[in-house]
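Peer 1:
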Amino acid sequence: MLSHLHLTLRAYVMLKRVILVGHDFGGACISHAMEMFPSKVAKAVFLCATMVTNGHSALDIFQQQMDTNGMLQKAQELVYSNGKDRPPTAINIDRASVRDLLFNQSPAKDVSLASVSMRPIPFAPVMEKLTLTEGNYGSVRRFFVETTEDNAIPLSLQQSMCVTNPPEKVLRLKGSDHAPFFSRPQALHKTLVEIATLPRAQAS
Numbered sequence: 075m076l077s078h079l080h081l082t083l084r085a086y087v088m089l090k091r092v093i094l095v096g097h098d099f100g101g102a103c104i105s106h107a108m109e110m111f112p113s114k115v116a117k118a119v120f121l122c123a124t125m126v127t128n129g130h131s132a133l134d135i136f137q138q139q140m141d142t143n144g145m146l147q148k149a150q151e152l153v154y155s156n157g158k159d160r161p162p163t164a165i166n167i168d169r170a171s172v173r174d175l176l177f178n179q180s181p182a183k184d185v186s187l188a189s190v191s192m193r194p195i196p197f198a199p200v201m202e203k204l205t206l207t208e209g210n211y212g213s214v215r216r217f218f219v220e221t222t223e224d225n226a227i228p229l230s231l232q233q234s235m236c237v238t239n240p241p242e243k244v245l246r247l248k249g250s251d252h253a254p255f256f257s258r259p260q261a262l263h264k265t266l267v268e269i270a271t272l273p274r275a276q277a278s
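Here this note's numbering is used: position 121 in the sequence shown is 195, and no number is missing along the way.
1) Just checking my contact of H252 with L176 at CB under 8 Å: how many whole Å lie between their CB atoms?
2) Less than 7 Å between C-beta atoms, sequence neighbours within five positions excluded: which residues of the same chain meet that for V115?
3) If we require 3 or more residues per run, which beta strand (DSSP E) segments fall completely within the segment 99-181?
4) Taking the alpha carbon of R169 as the point to measure from, which residue in S191, E242, S155, G157 has its own alpha carbon closest?
5) Could you tell me whether the Cβ atoms of E220 and L245 are closer together than 9 Å?
6) How would you call S113, buried or exposed, if buried means at least 16 neighbouring beta carbons within 10 angstroms?
7) Could you tell me the distance, in whole angstroms, from the CA atom of A188 to the CA atom of T127?
8) Quick one: give me the first and last residue of the beta strand (DSSP E) that K243 is part of.
9) Which residue from G249, F217, K264 puts its Cα closest to that of V237?
10) Keeping to the same chain, check which residues put their C-beta closer than 7 Å to that of R173; ignore five residues upstream and five downstream.
11) Whose C-alpha, out of F111, K264, E223, is nearest the C-alpha of P210?
12) Going by other Cβ atoms of all chains shown within 10 Å of its Cβ, with 16 needed for buried, is A275 buried or exposed?
13) I'd like to confirm the pairing. Which residues does DSSP put opposite R216 in its beta bridges?
14) Which residues does DSSP list as the beta-bridge partners of V95?
15) Give me the residue from T124, V119, P181, F256 with the minimum Cα distance to S234.
16) Could you compute how far the alpha carbon of I269 sits from the alpha carbon of P240?
The following block contains the structure:
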């Protein structure tokens, strides 16, 4: 996943700086991109996403979810592609739990489409501990978008990440589940446009 991200960003070398949006575990991926290509990333948006700190992995935050989220504990299924005697290779969400965990505020037609399209989440990138420096990662303008009705990454955990690793600004999508692109698409669009056009605050 991260290698593909490297290639994608290198393709933008001659273009304008980009705005990256990471959702869920994608927060770790854009964090890595911010560290590797800070001059090419104008802004980074963490959409109910894992916003890790230096030396930590998305799995560290996922473990916090598992420890505090009974619904997630019941919904997760480990995938052992290399055999039961080897470490798990991916995590899957039980289909019976998908709606309550991820799409509790989303239209039924979108839930049906998403359920068919979902695939197991590979463990390797989730387990990678990131090196994030103030000079690279810390130089990129960072924003966090909260989802208030999120059962996968509860609001309390989202707020905890923002306290530990404060972004430039926190925005909120009221009434959104873990999939705001389904449950609150117009509000999400408005929020992303707001972030895209937000000027840098003038130093006092």
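Ideal Cβ positions, reconstructed from N, Cα and C, are used throughout, including at glycine. Predicted, not measured: the structure shown is a model, and the values here were computed from it.
Peer 2: Based on what the coordinates show:
1) Going by Cβ atoms, the distance from H252 to L176 rounds to 5 Å, so yes, they are a contact pair.
2) R91, V92, L94, A107, M108, V214
3) 115-123, 150-153, 164-167
4) S191
5) yes
6) exposed
7) 30 Å
8) 243-247
9) F217
10) V185
11) Strictly speaking, residue 210 in this sequence is Asn, with Pro absent from that position. Per the Cα distances, F111.
12) exposed
13) A118
14) V119
15) T124
16) About 16 Å.
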